[in-house]
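Remarks on the structure that follows.
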Amino acid sequence: MAFTSLVFYLFLAAVLLVYWVVPRKARAPWLLAASYAFCLSFSGIALAVLLFTTLVSWAAALRIGGCAPPHRRRWLAAGVAVTLAPLVFFKYYDVWVGLSSPLLARVLPPALYQTFVNLLAPVGLSFYTFQLVGYLVDVYRGRQPAERSLLRYALYAAFFPKLIQGPIERTDNLLAQVKGIEALRAFDWDRLTAGAYEVLWGLFLKMVLADRLAAFADPIFGNVAAYGSVQLIAASLGYTLQLYLDFSGYMYIAQGVARCFGFTLLDNFAAPYFASSTGDFWRRWHISLSRWLRDYVYIPLGGSRAGRARHLGNILAVMLLSGIWHGSTWNFVVWGLLHGLYQVAGVLTRPARQALYQKYNVRTGTFGFRLGQRLCTFCLVSFAWIFFRAATLPDALTMVARIATRWNPWVLFDGSFTAGWAGVEGAVFWLGLALVLCADILREKRGAAFPAWLQGQNLPFRWAVCLGLAAAVAVFGMYGVAFDASQFLYFQF
């Protein structure tokens, strides 16, 4: 039941209609039932794992909050270990299968063996597992009392708008709102329209722009040895934009759906490609994951307070964990290490750079200097995305090697490389990208996301923009079989 499918919006309409009319005390049970139905639409295993991790973390938190200090650490360790166990099992399932496949092929019946080999990871597992682990740590630190209501805690864990791709919620945001669900107005027109603007903007980013870029970049990444440097660079930049548009599109839809019910989810993006350094990039990209890693890994390791060597080691450890969280293959490890090395290099070279700026009277506050920083950061991030996107590490290395050695600039002038975007296709893409650029400039200058800014405009303008976006999605959206768009990229994580 993807966010881009017609079935999802029929489901959403039904859930909203019932939510508006049921008694206040029935709202939480109804939303929890709807969230479990949403999870079950993907697989029974997905629901079983969600139930298991919810019960384990809820019970462990009660023990942490109710026992004497000497035993709290043991319950924390046990709760975190058992809550993480499904994530470790499924995230590295390919590794376990590779190690045990010869033995299992001998002892299991063929049908059962094939079922075991083809087992898929439950949706959203990486996201809600980190959310629940964060809750356990907060209870242990005394920042959050253990939630005694299993109903409220289960809704906090399973709330369907954020279930499959986050954001990775925190107790002081979503759980606090769940506790106040009975005090909300069931129906609020302004809230509903604000949510609709976010959903429509997210669909535009995903279906008109991100999927159009995917149609260009995917074939090139699928056969890197067949292309020269121009096509490979274009595919790399295309994927850089595709991932941002795809993931932020999902987030806008998730936030919009949650807002229709009266909930506000955490922001996950703040114009990340306007970042002036890779450290700044991680303060703007996948913000809920970055803050989770900062609060539950980086700071407990000592952060920047434990000496230069320890500080740099902590940066590398956190970025490596970020890579491992995304996947079990070596290309994700390299991607994480690259971002760690970028930040380590930034820390080590900062004194020398500042000395050069002073020596040559470089004005670091000028537009030109900031633009140079942003372009440099964008190039570094785009280079790292090659390893993130490539199917394997050898594919990524092949792509980098061919970019460096297989120069073919003539394809830009002989008409052989148009990226399939001639005429209307090109106009739709470039106009849409210009709109996204304006939206990110708005976010950078005023701190307001495009849908929130739109909510403050006059009614005729709002409806004109909405009709334009809806027409673009309907006419220019990239649709597949059964009128469904392709799955969101972060769905796989």
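Heads up, the sequence shown is in this note's numbering, so the first residue is -13 and it goes up one at a time.
Glycine residues also receive a C-beta, built at the ideal position from the N, C-alpha and C atoms.
Excluding the five sequence neighbours on either side, which residues of its own chain have a C-beta within less than 7 Å of the C-beta of residue i, listed in chain order?
| i | result |
| --- | --- |
| R375 | F207, Y225 |
| H272 | N254 |
| L398 | V216 |
| W278 | F116, G120, I154 |
| P395 | V216 |
| V(-7) | M(-13) |
| R13 | Y5, I167, E168 |
| S234 | L191, F255 |
| W61 | A46, R49, I50, C53 |
For residue i and residue j, what's the separation of their Cα atoms in angstroms?
| i | j | result |
| --- | --- | --- |
| L423 | K192 | 15 Å |
| R486 | V216 | Any question about residue 486 goes unanswered here, given that the chain covers just -13 to 479. |
| V7 | S21 | 18 Å |
| F353 | L195 | 29 Å |
| F268 | A221 | Correcting the residue identity first, residue 268 is Trp in this sequence and not Phe. The alpha-carbon atoms of W268 and A221 are separated by roughly 23 Å. |
| A23 | V68 | 24 Å |
| A34 | S263 | 42 Å |
| L323 | Q329 | 10 Å |
| A140 | A331 | 43 Å |
| R429 | P95 | 57 Å |
| L275 | D400 | 45 Å |
| S(-9) | F173 | 24 Å |
| G288 | D281 | 11 Å |
| Y79 | W449 | 48 Å |
| T39 | I31 | 12 Å |
| P437 | T363 | 27 Å |
| W371 | V333 | 22 Å |
| L306 | H325 | 8 Å |
| L227 | L366 | 14 Å |
| M385 | L199 | 18 Å |
Which residues in the same chain have their Cβ closer than 8 Å to the Cβ of residue i, if we skip the five residues on either side of it in sequence?
| i | result |
| --- | --- |
| L342 | V348 |
| S29 | L106, P108, V109 |
| R59 | Y126 |
| G485 | Because the chain spans -13 through 479 in this model, residue 485 falls outside it and cannot be assessed. |
| Y238 | E184, V185, W187, G188, L191, A435, P437 |
| L298 | V330, V333, L334 |
Among the options, which one has its Cα closest to the Cα of residue i?
| i | options | result |
| --- | --- | --- |
| P380 | P205, N209, A67, G401 | N209 |
| F493 | D197, A32, L26, P9 | The structure shown does not extend to residue 493, since the chain is modelled only from -13 to 479, so the question has no answer here. |
| T179 | R245, T250, R356 | R245 |
| A257 | L231, F145, L26 | L231 |
| R156 | G181, W371, F113, R171 | F113 |
| L137 | A169, R360, W16 | W16 |
| D266 | P286, R360, A435, G309 | R360 |
| L251 | Y236, L41, P446 | Y236 |
| C452 | G181, F260, L161, W393 | G181 |
Excluding five sequence neighbours on each side, which residues of the same chain lie with their C-beta closer than 6 Å to the C-beta of residue i?
| i | result |
| --- | --- |
| L26 | L33 |
| G248 | L170 |
| G309 | F318, V319, W321, G322 |
Is it true that the stretch 40 to 51 meets the stretch 118 to 133, where meeting means three or more beta-carbon pairs spaced less than 8 Å apart?
-> yes
Should the stretch 137 to 150 be called in touch with the stretch 180 to 187, which here means at least 3 C-beta pairs below 8 Å?
-> no
Please specify which runs of the alpha helix (DSSP H), each continuous and at least 4 residues long, are wholly inside the stretch 282 to 357, giving them in chain order.
-> 294 to 312, 316 to 345
Note down, one range per segment and in chain order, each alpha helix (DSSP H) of at least 4 residues found wholly within the stretch 108 to 181.
-> 111 to 127, 136 to 144, 162 to 165
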